[in-house]
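Peer 1: Attaching a single structure in structure tokens format; questions to follow.
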Amino acid sequence: MTTMIDINDVWKIYDVGGEKIEALRSVNLQIENGSFISIVGHSGSGKTTLLSILGGLTKPSRGSVKIDGTDIWNLNDRQLSAMRNRKIGFIFQFSSLIPTLRAIDNVALPVIYANGGGKTDRKATYEYAAELLSTLGLGHKLQSFPSELSGGQQRRVSIARAFINRPAIIVADEPTGDLDAQSESEVMEFFSRINEQDKTTFLLVTHNLALARMTDKVHTMKDGMINQNNGGSPA
Amino acid sequence: MKIYQVALKEIGKRKMRTLYTSFGIAVAVSMLISVMITASSGQKEVFNVIARYGHSLTITPVDKSSSQSLKNFGIGTGSYIPESALPDILNVYQDAIVAGWEKMGALIFQEGTMGVAGAAFPPPTFAPRLYEETTVKGKDVIVGGVVLEKELIARFWWDISDGRFMENDNEVIVGKLFATLTLTKPGDTLDLGNSKMIVTGILRETDSPDDYMVFTSLKACQTIFNKQGKISMINVRAMCPKCPVGEAAVEINKKVLGVRATSQMEIATAQSQIFQKTTALIVSFVVASLIISCIGVFNIIMGAIHGRMREIGLLKALGASKNQLIRFFLYEAVLIGVTGGVIGFVLGGALSHIVGPILFKDIVIQISPRFLVIAVLLGTLASILASIYPAVYASKIRVTEAFKSL
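Residue numbers (my numbering), protein chains in the order written: chain X, 10 to 244; chain R, 26 to 431.
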């Protein structure tokens, strides 16, 4: 198997009122293509910072992050945007939909940016968006605005959006936070199916140990450092 | 779907904010457009008058035995020009104008008419006047003898506010100020010398010495004051916009003894320049208000950006590049600008219909489609200028800052 994500000696130090806060301390992590892993840890342990850095959203103070062999922090803005758009699907901790767009338009949004707003195969995009929403139980809510959806439905729309560009990596921060037990189970089943079918790499950050145990490998973060543990139970 | 469609949906969903922002642009654009429409229509009116009547000459006798009060009044010298000299003066004038046209390479069409490349003009209007001082209703006043049909051409702004113009030699009209001070009204009788004259009308205010004068026919004035065959001055209307009246004045001064001709062309030119400068001044004020509108739009868009940090961060996280985000906000700016421009054009057109007639009598407001183009371009330009910094600012927002609110 090839390495999809290669995090090498990554540090993130924030300057807060003259005081240096080390959010990440020499983090090393290699994630192979098609892996399904999770990171658990207490609040403030550095999980979200790590996700931001490997997702190309936050620049590390030191170290390198390679995605599919490319050091993402050596890319310019346009290249980094394109990489984020095509390689990574984000599922954020809280609902993150554009309020002025309907559910199906929200799901299709990354395709607009992927194609520079130009040559978009509109029909295929919208068919796939509808298919994703239907799979996640929202086939009847395609034309609804976010304000017309419940928190759990909004979460499922943002999950569908993460998959629209068929990314190589899914980065999810508490992906099932707003969902009931049944919906959570359906979403995890959906993740597993995509992981198996498309060999998509999944990286989940969660407080939910039960959820973490459903992944192939669990990493624990504490005080900005990462520990590795195989076999679905945290170190 | 394309990026501009996302911007359109954004605007569609936030109609009130868009309208509110557009209205800021529309107010300034409407002011500018109304000034432009009014100035353009007003200038046409001024040019029409100049084209119809041309520039003017004043011919007065050379000052020999001057009347200080007439001089103080600025309307004559107290000396006279023999009425019999009029044909000679007219001939000298015509010859000078023809020579002037020939010097400019123009064509002479027929006797009595002159013109350039197909445009013919009527012959000039010579309006003679006789001034005499007298006392009416216990007030010292100047009586002007005029040939009414010529006077109405030479002084085309003359109008009657009450009554009618005189038609017979026993009738007079009086200036507004004189009428007010002496409580004179149409139908009254005034004693001029030994003659009883009927007042037929009150001249509308002209802001000139005419306001404190009494006018009768030239013939009546000559008879009453025993000045047969004499006139005090001649007002000449060229009746063509570019007639070389300055050269005609020089020739009259050279060839006709005892008179002095003064061209009024400079006055008309100066008036035109003042008109243009006033318009420029008003436009500069309006441009200042457009800049203030831009600042308003800038503030609204900056506020909107701060309110949409989550969305901006999200769009960046989903792969929107800086350029795409800038384009996204500029599309919004264009739509706001176009909306503001169209509203501004409609408001400006309506405003010019109100302001135009106040500023220019008989103005015909002409709203050309080019004003719509100007309004839309101005509105769009102002909106884009006001949005550039906010758009660039939005594109530079760090995703993590936006994420704090996610």
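Even for Gly, the Cβ is constructed at its ideal location relative to N, Cα and C. Keep in mind it's a predicted model, so treat the numbers as computed, not measured.
Identify the continuous beta strand (DSSP E) that holds Met238 of chain R and give its terminal residues.
Peer 2: Position 213 of the second sequence, counted from the start, is the residue given in the question as residue 238 of chain R. Met238 to Ser242 is the extent of the beta strand (DSSP E) around Met238 of chain R.
Peer 1: Let's see if you can read the secondary structure: which residues bound the alpha helix (DSSP H) around Pro394 of chain R?
Peer 2: Counting from 1 along the second sequence, the entry for residue 394 of chain R is found at position 369. Element bounds for Pro394 of chain R: Pro394 to Lys421.
Peer 1: Secondary structure at Trp20 of chain X, three-state DSSP: helix, strand or coil?
Peer 2: As a working note, residue 20 of chain X is residue 11 in the first sequence. Strand at Trp20 of chain X.
Peer 1: Alpha carbon to alpha carbon, how far is Ile48 of chain X from Asp182 of chain X? Give it in angstroms, no decimals.
Peer 2: As a working mapping, residue 182 of chain X is identified with position 173 in the first sequence. As a working mapping, residue 48 of chain X is identified with position 39 in the first sequence. If I take the Cα positions, the gap works out to 10 Å.
Peer 1: Quick one: does Gly55 of chain X have its CB under 8 Å from some CB of chain R?
Peer 2: Residue numbering aside, residue 55 of chain X sits at position 46 when the first sequence is read from its first letter. Not one chain R Cβ lies under 8 Å of Gly55 of chain X.
Peer 1: Name, please, each residue of chain R whose Cβ falls closer than 7 Å to the Cβ of Leu118 of chain X.
Peer 2: As a working note, residue 118 of chain X is residue 109 in the first sequence. What Leu118 of chain X touches in chain R: Leu343.
Peer 1: Distance cutoff 8 Å, beta carbons only. Does Ile107 of chain X sit that close to anything in chain R?
Peer 2: Within the first sequence, residue 107 of chain X is the residue found at index 98, counting from 1. Yes, contact with chain R.
Peer 1: Which residues does DSSP pair with Gly226 of chain R in a beta bridge?
Peer 2: For the purposes of this step, residue 226 of chain R is taken as residue 201 along the second sequence, with counting starting at 1. DSSP, once it has assigned bridges, lists R:Gly188 and R:Ile198 as partnering Gly226 of chain R.
Peer 1: Compile a chain-ordered list of the residues in the stretch 330-360 of chain R whose CB is closer than 8 Å to at least one CB of chain X.
Peer 2: From the stretch 330-360 of chain R, only Arg335, Glu336, Leu339, Leu340, Lys341, Ala342, Leu343, Gly344, Ala345, Ser346, Lys347, Asn348, Gln349 and Arg352 have a Cβ closer than 8 Å to chain X.
Peer 1: Quick check on the DSSP output: the alpha helix (DSSP H) that includes Ser61 of chain X runs from which residue to which?
Peer 2: The residue given as residue 61 of chain X occupies position 52 in the first sequence. Element bounds for Ser61 of chain X: Lys56 to Leu63.
Peer 1: So the alpha helix (DSSP H) Thr364 of chain R belongs to, where does it begin and stop?
Peer 2: What you label residue 364 of chain R is simply residue 339 of the second sequence in a count that begins at 1. Its alpha helix (DSSP H) spans residues Lys347 to Leu384.
Peer 1: Okay, do the stretch 96-107 of chain X and the stretch 173-187 of chain X touch, 3+ Cβ pairs below 8 Å being the bar?
Peer 2: Yes, since at least three Cβ pairs between the stretch 96-107 of chain X and the stretch 173-187 of chain X fall closer than 8 Å, the two stretches touch.
Peer 1: What separation, rounded to the nearest whole angstrom, lies between the Cα atoms of Val308 of chain R and Phe181 of chain R?
Peer 2: Start at 1 with the first residue of the second sequence, and residue 308 of chain R comes out as number 283. Start at 1 with the first residue of the second sequence, and residue 181 of chain R comes out as number 156. Roughly 30 Å between the two C-alpha positions.
Peer 1: With DSSP as the reference, label Met13 of chain X as helix, strand or coil.
Peer 2: Looking up residue 13 of chain X in the first sequence gives position 4. The answer is strand: DSSP assigns Met13 of chain X an E or B state.
Peer 1: Report the CB separation of Val284 of chain R from Ile122 of chain R in whole angstroms; it is logged as a contact under 8 Å.
Peer 2: Here residue 284 of chain R is taken as the residue at index 259 of the second sequence, counted from 1. Here residue 122 of chain R is taken as the residue at index 97 of the second sequence, counted from 1. Incorrect: roughly 17 Å between the Cβ atoms, too far for contact.
Peer 1: Sort out for me which residues DSSP pairs Asn116 of chain R with in a bridge.
Peer 2: Against the second sequence, residue 116 of chain R aligns to sequence position 91. In DSSP, Asn116 of chain R forms no bridge with anything.
Peer 1: Decide yes or no for the touch test of the stretch 49-63 of chain R against the stretch 389-404 of chain R: beta carbon pairs closer than 8 Å, at least 3 of them.
Peer 2: Taking 8 Å as the limit for Cβ pairs, the verdict is that the stretch 389-404 of chain R does touch the stretch 49-63 of chain R.
Peer 1: Which stretch, first to last residue, makes up the alpha helix (DSSP H) that contains Lys96 of chain X?
Peer 2: In the first sequence, counting from the first residue as 1, residue 96 of chain X sits at position 87. Where Lys96 of chain X is concerned, the enclosing alpha helix (DSSP H) stretches over Asp86 to Lys96.
Peer 1: Using a Cβ-Cβ cut-off of 8 Å, state whether Asn94 of chain X counts as contacting chain R.
Peer 2: Residue numbering aside, residue 94 of chain X sits at position 85 when the first sequence is read from its first letter. Output row for Asn94 of chain X: interface = yes.
Peer 1: Suppose you measure from the CA of Tyr137 of chain X to the CA of Ile235 of chain X; what does that come to, to the nearest Å?
Peer 2: Against the first sequence, residue 137 of chain X aligns to sequence position 128. Against the first sequence, residue 235 of chain X aligns to sequence position 226. Computed Cα separation, rounded: 37 Å.
Peer 1: Beta-carbon separation of Ala112 of chain X and Val166 of chain X under 8 Å?
Peer 2: Residue mapping note: residue 112 of chain X aligns to position 103 of the first sequence, counting from 1. Residue mapping note: residue 166 of chain X aligns to position 157 of the first sequence, counting from 1. Yes, the Cβ-Cβ distance between Ala112 of chain X and Val166 of chain X is below 8 Å.
Peer 1: Using a 10 Å radius around the Cβ and a threshold of 16 neighbouring Cβ atoms, would you call Thr57 of chain X buried or exposed?
Peer 2: Taking the first sequence and counting its residues from 1, the one referred to as residue 57 of chain X is at position 48. Counting Cβ neighbours within 10 Å, Thr57 of chain X comes out buried, since at least 16 surround it.
Peer 1: I need the boundaries of the alpha helix (DSSP H) containing Lys164 of chain R, first residue and last residue.
Peer 2: As a first step, residue 164 of chain R must be located in the second sequence, where it is residue number 139. From DSSP, Lys164 of chain R is part of no alpha helix (DSSP H) but of the beta strand (DSSP E) over Lys164 to Val171.
Peer 1: Is there contact between the stretch 47-54 of chain R and the stretch 80-93 of chain X, where contact requires at least three CB pairs shorter than 8 Å?
Peer 2: Output reads no: the stretch 80-93 of chain X does not touch the stretch 47-54 of chain R.
Peer 1: Is Lys75 of chain X helix, strand or coil by DSSP?
Peer 2: Counting from 1 along the first sequence, the entry for residue 75 of chain X is found at position 66. Lys75 of chain X: strand per DSSP, three-state reduction.
Peer 1: Could you tell me how far apart the beta carbons of Val168 of chain R and Leu217 of chain R are, in whole angstroms, since I believe they sit closer than 8 Å?
Peer 2: Your numbering for residue 168 of chain R matches position 143 in the second sequence. Your numbering for residue 217 of chain R matches position 192 in the second sequence. Indeed, because the Cβ distance is near 6 Å, the residues count as touching under 8 Å.
Peer 1: From Val214 of chain X to Leu60 of chain X, what distance separates their C-alpha atoms?
Peer 2: The residue given as residue 214 of chain X occupies position 205 in the first sequence. The residue given as residue 60 of chain X occupies position 51 in the first sequence. Cα to Cα, Val214 of chain X sits roughly 8 Å from Leu60 of chain X.
Peer 1: Could you name the residues that DSSP lists as bridge partners for Asn260 of chain R?
Peer 2: Stepping through the second sequence from its first residue, residue 260 of chain R is reached at position 235. The partner list for Asn260 of chain R (beta bridge, DSSP) reads R:Thr83 and R:Ala152.
Peer 1: Is the Cβ-Cβ distance between Leu355 of chain R and Ser420 of chain R less than 8 Å?
Peer 2: If you number the second sequence from 1, residue 355 of chain R lands on position 330. If you number the second sequence from 1, residue 420 of chain R lands on position 395. Cβ atoms of Leu355 of chain R and Ser420 of chain R: not closer than 8 Å.
Peer 1: Find the residues of chain X that neighbour Val31 of chain R, judging by a C-beta separation of less than 9 Å, and give them in chain order.
Peer 2: Working through the second sequence from its first residue, we reach residue 31 of chain R at position 6. Result: Ile107, Thr109, Leu110, Asp114, Leu118, Ile121 and Gly126.
Peer 1: Give me the residue from R:Leu111, R:Val270 and R:Gly344 with the minimum Cα distance to Ala124 of chain R.
Peer 2: What you label residue 124 of chain R is simply residue 99 of the second sequence in a count that begins at 1. Answer by Cα proximity: R:Val270.
Peer 1: Just reading off the alpha helix (DSSP H) that Gln253 of chain R is part of, what are its end residues?
Peer 2: Start at 1 with the first residue of the second sequence, and residue 253 of chain R comes out as number 228. Run containing Gln253 of chain R: none; DSSP gives neither H nor E here.
Peer 1: With a threshold of 8 Å between beta carbons, is Arg87 of chain X in contact with chain R?
Peer 2: In the first sequence, residue 87 of chain X corresponds to position 78, counting from 1. Yes, Arg87 of chain X counts as interfacial toward chain R.
Peer 1: For the alpha helix (DSSP H) that Asn174 of chain X lies in, which residues bound it at each end?
Peer 2: The count along the first sequence starts at 1 and reaches residue 174 of chain X at position 165. Here Asn174 of chain X belongs to no alpha helix (DSSP H), and DSSP marks it neither H nor E.
Peer 1: When the cut-off is 8 Å and only beta carbons count, does Leu158 of chain X lie next to chain R?
Peer 2: Stepping through the first sequence from its first residue, residue 158 of chain X is reached at position 149. Leu158 of chain X does not count as touching chain R.
Peer 1: Give the C-beta separation of Pro149 of chain R and Ala263 of chain R to the nearest angstrom, bearing in mind that I take them to be a contact with Cβ-Cβ under 8 Å.
Peer 2: Taking the first residue of the second sequence as position 1, residue 149 of chain R is located at position 124. Taking the first residue of the second sequence as position 1, residue 263 of chain R is located at position 238. Right, the Cβ-Cβ distance comes to about 5 Å (below 8 Å), so this counts as a contact.
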